[in-house]
Amino acid sequence: MLSVIISHAPLGINGRLISVEVDIRRGIPGIDIVGLPDTAVREAKERVRVAIRNSGFSYPADRILVNLAPAGIRKEGAAYDLSMALGILAASKQIPFDITRKIMVLGELNLRGDVRSTTGVLSAVGCGLENGTNYFIVSKENLREAQGLKGGEIFGISSLSEAAKIFSGITKKNQLKPEKCDPVPIPISSDLYLNSSYGDFSDIRGQEFMKRALEVAAAGRHHLLLFGPPGSGKSMSVSRFPTILPQLTKKESLTVTRIHSLAGILPDCTGLIRYPPFRKPHHTASKEGIIGGGALTGPGEVSLAHEGVLFLDEAPEFNVSLLQSLREPVEEGKVTIVRAGSKLWFPASFQLILAINPCPCGNLGQKGLACICTTSEIHRYWKKIGGALLDRIDIRIPLQAVPAEELVGEKGESSAKVRARVLRAVNIQRQRYRGLGFSWNSRIPPGQLSGFCTLDKQGMLLMAQTARKLGLSSRACHSIIKVARTIADLAASAVIKSDHLLEAAQHRRFGDNDIFWNFS
Ligand SMILES: [Zn+2]
100 MLSVIISHAP LGINGRLISV EVDIRRGIPG IDIVGLPDTA VREAKERVRV
150 AIRNSGFSYP ADRILVNLAP AGIRKEGAAY DLSMALGILA ASKQIPFDIT
200 RKIMVLGELN LRGDVRSTTG VLSAVGCGLE NGTNYFIVSK ENLREAQGLK
250 GGEIFGISSL SEAAKIFSGI TKKNQLKPEK CDPVPIPISS DLYLNSSYGD
300 FSDIRGQEFM KRALEVAAAG RHHLLLFGPP GSGKSMSVSR FPTILPQLTK
350 KESLTVTRIH SLAGILPDCT GLIRYPPFRK PHHTASKEGI IGGGALTGPG
400 EVSLAHEGVL FLDEAPEFNV SLLQSLREPV EEGKVTIVRA GSKLWFPASF
450 QLILAINPCP CGNLGQKGLA CICTTSEIHR YWKKIGGALL DRIDIRIPLQ
500 AVPAEELVGE KGESSAKVRA RVLRAVNIQR QRYRGLGFSW NSRIPPGQLS
550 GFCTLDKQGM LLMAQTARKL GLSSRACHSI IKVARTIADL AASAVIKSDH
600 LLEAAQHRRF GDNDIFWNFS
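Residue numbers (our numbering): 100 to 619.
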């Protein structure tokens, strides 16, 4: 007899549905798994055999053929264990089977017959729902994640025998009610990224100009560059940046959770991620680790930072080709990866924050300190970031070391206060750009800029003067206008006024051909 159960291969953001077909017929006892299985999938035969016996069922003494279709896709990992085991039980008539019931089964088995969690469950459920699957059997640890999409009937189980009971219930037509839902206590870490270890915005003393720049960057999701000597508080300030970001929308939250689940870094029993992720990869990270691809099946750092922040501290320390490859995600909001002959993609629309010393020794432009770098060393240092990437950074902020009297000064505004202002500006944008495929001032396509960023006569005159004076390219002008749009939104002003433009130009201190090394 033949049984068919639905499973899922986590390839790219959507993945692919996999049919697990099991055929049992008389012959020399044994099992074959075909359809491009990797070692872990091939080893499933041993786990499945022992788990079936230890769960009180009998393992058929016949010829078993397991086909994982479509055959062209490589099947990896242990997530097919449970579907194979149930397929064998169904094909050997130990549990009922009904071809018209579409049931997706995900879970890894151990020898006792216990079911363990797997990665990419939210993506699998999404893929299943889109393709008309109504029933889902997942491990209890994955239940809350699977319920994120609010569709289909989802059952959380912890063993093969429980799964067999649910499977029979579904097949014997509605004899069963959905499992009670919170079997495992919910850890506090469901707000994975709003974590008290970030500190509070009020910890940043002085540096009023920089704090304002962080607020503007947060409000319009503008890419940001901070450069200044060691001790000017770059890393400390950026690490508090996530605390002024508003919650994700439901749609953003689903995508972010999906990506983190595919990477296998979503803790068990977690629901949806509600706050923007903050990723700070180390400069020794490989290009595959950051962009994705290579031996990595899941998403890279740029995708884990989707709808959140990618912070590169000491940015010139990163590999040059890696920095250059950030251009694709920065421009397109996604990355395409070629893997095992197929092209996969992951979303990667993040806010880039770079922190850089002004020069290799760090002293350039500092009062009372001497820089020992040569001009060509400084040029080389900055060139690593590259003009093309720098060009896409709307806000560039030079910093000085904080004077001692400011360090002991009064506490600044709290994260909650700043976040409330940011949220107001974000809501204005979400409303304004509804249904247009983008939701941030920094992402307005060049062709639509004039439609959303109206300047008054005075503003236009001012923009023309500034462009002439600083020798700005048209991209730089657009960038200033977009930042001014955000500043106007923070002030709840429908029109962009001259003040807003002037402040925006201040946040882009250095023109395209006039970066810090021209300091004199
Ligand atoms: Zn130097």
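For each residue, glycine too, the CB sits at the ideal point set by N, CA and C.
With 16 other Cβ atoms within 10 Å as the buried cut-off, status of residue i
{"i": "residue 621", "result": "Only positions 100 to 619 of the chain appear in this structure, which leaves residue 621 out of reach."}
{"i": "residue 203", "result": "buried"}
{"i": "residue 493", "result": "buried"}
{"i": "residue 104", "result": "buried"}
{"i": "residue 214", "result": "buried"}
{"i": "residue 285", "result": "Per-residue confidence for residue 285 stands at a pLDDT of 41, beneath the threshold of 50, marking its modelled position as unreliable; no derived number is given."}
{"i": "residue 412", "result": "buried"}
{"i": "residue 312", "result": "buried"}
{"i": "residue 126", "result": "exposed"}
{"i": "residue 347", "result": "buried"}
{"i": "residue 544", "result": "exposed"}
{"i": "residue 599", "result": "buried"}
{"i": "residue 121", "result": "buried"}
{"i": "residue 365", "result": "buried"}
{"i": "residue 196", "result": "buried"}
{"i": "residue 559", "result": "exposed"}
{"i": "residue 169", "result": "exposed"}
{"i": "residue 262", "result": "buried"}
{"i": "residue 451", "result": "buried"}
{"i": "residue 333", "result": "buried"}
{"i": "residue 320", "result": "buried"}
{"i": "residue 535", "result": "exposed"}
Pair within 8 Å by beta-carbon distance, residue i and residue j
{"i": "residue 164", "j": "residue 208", "result": "no"}
{"i": "residue 222", "j": "residue 113", "result": "yes"}
{"i": "residue 500", "j": "residue 331", "result": "yes"}
{"i": "residue 375", "j": "residue 398", "result": "no"}
{"i": "residue 224", "j": "residue 248", "result": "yes"}
{"i": "residue 102", "j": "residue 155", "result": "no"}
{"i": "residue 484", "j": "residue 463", "result": "no"}
{"i": "residue 542", "j": "residue 487", "result": "no"}
{"i": "residue 417", "j": "residue 378", "result": "no"}
{"i": "residue 601", "j": "residue 495", "result": "no"}
{"i": "residue 174", "j": "residue 167", "result": "yes"}
{"i": "residue 216", "j": "residue 238", "result": "yes"}
{"i": "residue 300", "j": "residue 508", "result": "no"}
{"i": "residue 236", "j": "residue 246", "result": "no"}
{"i": "residue 386", "j": "residue 361", "result": "no"}
{"i": "residue 577", "j": "residue 554", "result": "no"}
{"i": "residue 218", "j": "residue 363", "result": "yes"}
{"i": "residue 150", "j": "residue 132", "result": "no"}
{"i": "residue 339", "j": "residue 514", "result": "yes"}
{"i": "residue 305", "j": "residue 505", "result": "yes"}
Residue closest to residue i, alpha-carbon to alpha-carbon, out of the options
{"i": "residue 234", "options": "251, 538 and 245", "result": "251"}
{"i": "residue 588", "options": "534, 530, 549 and 211", "result": "530"}
{"i": "residue 392", "options": "436, 421 and 468", "result": "436"}
{"i": "residue 604", "options": "298, 579 and 102", "result": "579"}
{"i": "residue 575", "options": "130, 454, 606 and 173", "result": "606"}
{"i": "residue 408", "options": "322, 577 and 142", "result": "322"}
{"i": "residue 200", "options": "232, 446, 562 and 246", "result": "232"}
{"i": "residue 373", "options": "344, 387, 532 and 388", "result": "344"}
{"i": "residue 402", "options": "361, 421, 446 and 149", "result": "446"}
{"i": "residue 442", "options": "100, 106 and 110", "result": "110"}
{"i": "residue 490", "options": "157, 479 and 572", "result": "572"}
{"i": "residue 349", "options": "303, 370, 381 and 329", "result": "370"}
{"i": "residue 570", "options": "480, 608, 522 and 319", "result": "608"}
{"i": "residue 383", "options": "566, 191, 514 and 419", "result": "419"}
{"i": "residue 298", "options": "230, 310, 309 and 335", "result": "335"}
Integer Cβ distance of residue i from residue j, believed to fall under 8 Å
{"i": "residue 206", "j": "residue 178", "result": "7 Å"}
{"i": "residue 551", "j": "residue 584", "result": "7 Å"}
{"i": "residue 256", "j": "residue 269", "result": "About 12 Å; that fails the 8 Å criterion."}
{"i": "residue 337", "j": "residue 454", "result": "6 Å"}
{"i": "residue 228", "j": "residue 146", "result": "28 Å between Cβ atoms; not a contact."}
{"i": "residue 161", "j": "residue 124", "result": "6 Å"}
{"i": "residue 244", "j": "residue 356", "result": "7 Å"}
{"i": "residue 326", "j": "residue 497", "result": "6 Å"}
{"i": "residue 444", "j": "residue 434", "result": "7 Å"}
{"i": "residue 406", "j": "residue 389", "result": "Actually they do not touch by this definition, with Cβ atoms about 17 Å apart."}
{"i": "residue 597", "j": "residue 564", "result": "With 8 Å as the limit, residue 597 and residue 564 do not qualify as a contact, their Cβ atoms being about 11 Å apart."}
{"i": "residue 449", "j": "residue 404", "result": "4 Å"}
{"i": "residue 525", "j": "residue 318", "result": "6 Å"}
Which residues, in chain order, sit with a beta-carbon under 6 Å away from any heavy atom of ligand 1?
458, 459, 460, 462, 463, 470, 471 and 472
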